[in-house]
Each structure stands twice: as C-alpha cells, then as structure tokens.
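The structure under discussion appears below in the form of structure tokens.
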Amino acid sequence: RDGCAQDGMRLTCLRSALLAAALVRSHTSLAQVQFTEASGVVLAPKHECWSSQATTGPSYDIAFSIALGPDLRREAALRSAWAKAPEPGTRCSMLFVFVRADDRLSAPKHVAGEDVVDLTLPMAERYETLPLKILGSLRWLSAHVRYKYVLKTDDDAFVCVAGLVADLAPLPREGLYWGKMNRRHATVGEVTHHGFVHTEFISVFGPQARQYPTYAFGAAYVLAHDLARGISGDAALEAAARLKIEDVLVGALVERWNGGPVHAVDARNSSIALGYTRRQDDPTTRHRAAAEHVRRKCSSVEEGGRGAMVVHRIFPLQVRKCAKLAASRCACDGAPGHCDGSPAAKRGGGARRLGRESGA
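Oh and the sequence shown: position 315 is 334 in our numbering, straight run, nothing missing.
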C-alpha cells in the first residue's frame, strides 16, 4: 500500500494486514457459534436492570473491554480491586472482558467465568497492534454478548463501576460516545504519538481528512452498542491494521463510518482524572501517585476529593488504594440511581454529530 511504501514499513504493514484478515475470517466463523458456558455466561445475564432498545432479551447494562499488557501485576490489581463479578445479592449488570494478544493463535480464544471473560486475540502484543486489539474485542462482543454500553480502558486504571452506571443511566441507549474529548483538530503529520507520525490517517480516510476529528482520549471511553458494532466491521479492522493511534482511529470511525447519529458527551470536567503524566513505569514519577494525590482523585466530593469515575495512569498499589477510598460510592449495591430496574428515558435534544459544527 502507498502508506507502507512511503514510511518504509512495508513488512510491518503486510503483517498487520494479514492479522486483520485473520480477525475478519475468525470473527465470521465465530459469529455462527452459540456462545455458551457452563457458568451461565451465555449471550446475556439472567436479568437486566435497564430496559434496552437494542436487544430482545436480558442484556448487560455495561461491558468493560480492558486492554491488558504483559505486566501481570496490573491485571491482578484490576481483578482484585474493581474488575470482578458483583457481590451476591446486588443488581448491577456488568461484564468484564480482559483482552490480551498472542501471535501463536490463529483465531480468537475465550474463557468465560462469572461475569468475567478472558479473551485472547491472534496478534502480537505491542503498541502498534492496540487499534486492532480494541476493534477486535468490540467485534467479538457484538457477535456474542448482549449489552447496552461498552467502556474501553487500560490495565493502569481504576473505574468506579456503580458510579459510572449511575452517570450513564439518564443518557441515550443508542449513539452514545462518552469520554474526555479532544477538540483541538490538530493537523495530521504535525503530531507524534508514541513516536508515530500518523500520515496513514490521510491514506485511509481520504485527502480531505487532514485534521484529526474530535475523539475521546484512549484512557477510557464509552460506546453504545450500536456504535461499537458499527465501527468494528471488516473495513474498520483493515483500517486498524494500518493506523497505530487507537483513540484517534475510534473517533474517526465514529464520525465518518458510523452511519448514524452520535450523542457526544464530554466527561472532561468531572469523570476522568489523570494519576500522573510521565512514563508509567519510570520510578521518578512515583511521587505523583503518592497517597495524598490518589486520595484527592479517588475520594468522594463530600470527603474533599474529586470523586472521579475513572482514574488512569496509576500503579497497581494505587489501583487497590483507590478502590478502598471509593468503596462507599462505587459499590454495586443496587441502590436507586445505580441500577434500579426502571427504564431511563433519552435525554432531551437532538443527536449531535461530532465535529466543530456541533461544538464537539
């Protein structure tokens, strides 16, 4: 392809394209298989808390697509702190999908537990394959699970699951794109990300796409089920094999290839907080994740904190600390406003298209 020839990465691009083709073929075959497990995690839970406009039966209120890296300490912290099945007797309806990569596989592989799925996709584990990894997980979810929203996050984050469910409750069930939005519309080629200049963005989306779209930063964003399905088709997987910046790609797909209205909700002011800003594993940044800093991010407003729904770029120890600090506001207790079984009406106002015309 032209973009591969221009940047001298022909072999890398060919390998990525083959991975995309493998995902397309494997998902096509997987879609014909009934997804059932002895544990009872089959397409949907046994009950739902919110009514759904998109499914004919019970569905999860929210699925979490959690991109794992090679650090097992991070994964262990998530599983013990917040990404786990709700306590018995609670009513929150959520599914946690841990997504990893393994280039020894030829097709996706999953292991299902109680409201938890371990999903392994057939690709190398490296930053360049993250877009394909995320869209592959959305493709798998849309083929096998009934859900209303999906939140994508990484393995260095804490999520206040019940608080997030409460925040999403009054929002639209379709077309929702929620996150910390970047509205700068930077010129393509003038921005680097993890060392990559995103020149192939133009080759994928056309010569008119010389500025980045409005997009939600990749630390955490929510897509309604219809958007997740709409941006994870064959063409999108092929684009993901060429583009290396996941959050920009998702925003572009939502804006350009979704085919339907978008309700863009910016969570910048209240919901998503940054733990620290430099390289995650650099010891010199540990002071930024000190006890007082984490307390401010994770404690409730009533306790003098920020009460963030998502805190990202924090170490495993801080993930566990954040979960303890936020336990009173984030526990899945089925209280009204968290998951009370009543349908939520769509918020007033028409659908918004992403872009400068809508103020996004």
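We treat Cβ as the ideally placed atom computed from N, Cα and C, and that holds for glycine.
Quick check: the segment 176-187 against the segment 222-233, are at least 3 beta-carbon pairs closer than 8 Å? no
Can you round the beta-carbon distance between Leu154 and Val118 to whole angstroms, since I take them to be within the 8 Å contact cut? Actually they are not in contact, since the Cβ atoms of Leu154 and Val118 sit about 11 Å apart, beyond 8 Å.
Since Leu344 and Cys317 should fall inside the 8 Å C-beta cutoff, what is the C-beta to C-beta distance between them, to a whole number of angstroms? 4 Å
Just the C-alpha distance for Val116 and Gly326, rounded to the nearest angstrom, thanks. 25 Å
Taking C-alpha atoms, which residue in Ala259, Leu195 and Ser319 lies nearest to Glu147? Ala259
Apart from the five residues just before and just after Phe236, which ones in its own chain have a Cβ nearer than 7 Å to its Cβ? Gly198, Lys199, Asn201 and Asp266
Determine the contact status of Leu242 and Val169, defining contact as a CB-CB distance below 8 Å. yes
What residue from Ile85, Gln227 and Ala271 has the CA that sits closest to Leu149's CA? Ile85
Who does Ala120 pair with in a DSSP beta bridge? Leu140
At what residues does the alpha helix (DSSP H) containing Ala258 begin and finish? Asp253 to Arg261
Just how far apart, CA to CA, sit Met28 and Arg315? Residue confidence for Met28 is low, a pLDDT of 46 falling below 50, so the modelled location carries little weight and cannot support an answer.
Cβ of Arg158 within 8 Å of Cβ of Ser251? yes
N-terminal and C-terminal residue of the beta strand (DSSP E) that Trp197 is part of: Leu195 to Asn201
At the level of alpha carbons, what is the spacing between Pro189 and Asp173? 25 Å
Determine the closest residue to Ala238 out of Val269, Glu321 and Pro105, with distance taken between C-alpha atoms. Val269
Checking the sheet assignment: what are the DSSP bridge partners for Gln230? Thr206
According to the neighbour-count rule (16 or more other Cβ atoms, all chains shown, within 10 Å of its Cβ), is Ser290 buried or exposed? buried
Using the Cα positions of His331 and Pro105, report the straight-line distance between them to the nearest angstrom. 22 Å
If you follow the alpha helix (DSSP H) that Phe224 is in, where does it begin and where does it stop? Glu219 to Phe224
Could you check what DSSP says for Gly237 in three-state terms: helix, strand or coil? strand
Pair within 8 Å by beta-carbon distance, Glu144 and Ala126: no
Buried or exposed: Cys68, going by 16 or more other Cβ atoms within 10 Å of its Cβ? buried
Going along the chain, which residues of its own chain have a beta-carbon closer than 6 Å to the beta-carbon of Asp285, five neighbours each way excluded? Met200
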